[in-house]
């Protein structure tokens with residue numbers, strides 16, 4: 001099993017640094033306005049010597065970034081159980097496992113809830129989901145690599161509703177998987 005992509009490790013470092021300044025929410029891909037702009041001020045220019053992590057979390061495979069909202073960090077990953085993890089942009093590989101949505105307390109690192117479901121990958125680069133969850137109005141919107149769209153209650157992790165793009169909408173899974181970050185309007 002592949003654990004902790006470099007991006008997730010980097011994100012955890014950012015969370016560690018956020019203890020020195022007031023942190024704004026980053027509730028979706030590219031931030032609050034989806035434009036990649038970070039409007040915070042007073043950012044430290046140099047990290048203190050002997051910086052100690054406040055907490056660590058085990059995150060499995062994937063390309064998803066974390067969403068940070070309301071004191072929670074939401075991550076989407078893939079727990080591989082068996083199969084091929086061959087990274088070939090021109091060919092699909094199969095693997096069996098579970099996609100997982102985790103909610104972690106941003107201050108303590110304690111897991112608040114987790115939601116996982118069986119998901120057989122038949123895509124290229126099958127190590128995990130590509131999409132950063134979106135957190136809006138107390139709901140987590142998530143799209144897995146094989147088209148599993150799920151909406152969860154952000155406080156409890158309870159599944160509110162779900163759709164599978166191939167089964168429900170006859171969408172063909174792209175060779176690289178589904179990778180459009182949820183955009184919530186209204």
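Residue numbers (the working numbering): 1 to 186.
Beta carbons are placed, not taken as given, at the ideal position from N, Cα and C, and that holds for glycine.
Counting along the chain, where does the beta strand (DSSP E) carrying residue 24 start and finish?
-> No beta strand (DSSP E) contains residue 24, which DSSP labels as neither H nor E.
Euclidean distance between Cα positions of residue 159 and residue 142 | Residue 159 and residue 142 have their alpha carbons spaced roughly 11 Å apart.
Option nearest residue 138 by Cα separation, candidates 84, 113, 109, 156 | 156
Out of 80, 106, 172, 112, point me to the one whose CA is closest to residue 128's CA.
-> 80
Give me the Cβ distance between residue 154 and residue 126, rounded to the nearest whole Å; I'm assuming they're in contact under 8 Å.
-> 28 Å between Cβ atoms; not a contact.
Output the distance between the C-alpha atoms of residue 98 and residue 60, rounded to the nearest integer angstrom.
-> 10 Å
Give the DSSP-derived three-state secondary structure of residue 178 in the structure shown.
-> coil
Inside the region 103-180 only - beta strand (DSSP E) runs reaching at least 3 residues = The region 103-180 contains these whole beta strand (DSSP E) runs: 111-123, 134-136, 139-143, 148-153, 159-164.
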